[in-house]
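*Asks:*
In this note's numbering, the protein residues as written are 15 to 229.
1. How is the beta strand (DSSP E) around residue 194 delimited, first residue to last?
2. Give the single residue among 43, 180, 214 and 69 whose Cα lies nearest to the Cα of residue 99.
3. Closest by CA to residue 119, which one among 109, 138 and 165?
4. Note down the Cα distance separating residue 110 from residue 178, rounded to an integer number of angstroms.
5. Should the segment 207 to 225 be regarded as contacting the segment 74 to 87, the criterion being three or more beta carbon pairs within less than 8 Å?
6. Evaluate the contact criterion for the segment 162 to 175 versus the segment 186 to 200: three or more CB pairs, one atom per stretch, below 8 Å.
7. By how many angstroms is the C-alpha of residue 66 removed from the C-alpha of residue 125?
8. Check whether chain C comes within 8 Å of residue 193, counting only Cβ atoms and requiring the distance to be less than that.
9. Closer than 8 Å is the cut-off here; do at least three beta carbon pairs connect the segment 136 to 156 with the segment 200 to 217?
10. Who are residue 112's beta bridge partners in DSSP?
11. State yes or no: is the C-beta of residue 173 within less than 8 Å of the C-beta of residue 196?
12. Could you have a look at residue 39 and say whether DSSP puts it in helix, strand or coil?
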């Protein structure tokens with residue numbers, strides 16, 4: 015199972031730019047380190063921004079303002095992560111693949127359609143498909159249930175600490191491929207960090223599944 019943003023899709027920069035554009039209207043400038051810590055690592059960026067900068071909006075309203083800006087940037091600059099196409103081609107020949115993401119289902123479906131990736135995935139779980147966002151386990155519990163496979167037969171590929179925590183909370187083994195933003199984050203103890211997405215080969219997956227257990 016894959017996360018989407020920052021793992022298969024080079025979109026963390028677009029999320030950052032979208033929030034930066036929205037926050038600029040309030041005279042707020044958020045640096046990359048600050049964004050990595052509170053938006054990506056913790057997953058509570060809007061709550062943090064509203065409280066820290068005393069913004070006259072709610073976190074939900076901030077997310078709502080950001081959504082169309084992100085979609086505009088995404089449509090103008092859709093870019094898969096290096097190696098993503100080959101990894102999906104190789105793994106889909108041997109394994110059932112799924113996506114479990116905090117992104118909206120509309121955004122996920124649009125991305126998969128534009129990249130021609132729909133056929134790679136047997137299960138796609140977007141934010142509307144479960145209750146609590148990562149690091150809660152809901153996304154991965156939902157995806158695993160839909161895939162109808164036992165936990166020991168699942169491997170999660172993430173890019174962030176909260177994604178790894180979500181997978182572990184769901185009883186699943188996870189590896190992380192840090193990107194430009196998440197390299198500065200502190201991952202949970204014992205997290206296996208992978209340098210390149212292209213390292214996630216069929217033999218890589220088989221070896222981790224043979225080990226079993228959530229890690």
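Quick reminder that beta carbons are idealized off the backbone N, C-alpha and C, glycines included. As the structure is a prediction and not an experimental result, all values here were calculated from the model.
*Replies:* Taking the coordinates as given:
1. In the DSSP annotation of this structure, residue 194 is not part of any beta strand (DSSP E), being labelled neither H nor E.
2. Measuring from the Cα of residue 99, the nearest candidate turns out to be 214.
3. Among 109, 138 and 165, the Cα nearest to that of residue 119 belongs to 138.
4. The alpha-carbon of residue 110 is positioned some 20 Å away from that of residue 178.
5. No, the segment 207 to 225 is not in contact with the segment 74 to 87.
6. Yes, since at least three Cβ pairs between the segment 162 to 175 and the segment 186 to 200 fall closer than 8 Å, the two stretches touch.
7. If you draw a straight line from the Cα of residue 125 to the Cα of residue 66, it is about 33 Å long.
8. Absent from the structure: chain C. Only one protein chain is present.
9. Segments in contact, no.
10. Partner(s): 137.
11. The answer is yes: Cβ separation under 8 Å.
12. DSSP places residue 39 in the coil class of the three-state scheme, outside both helix and strand.
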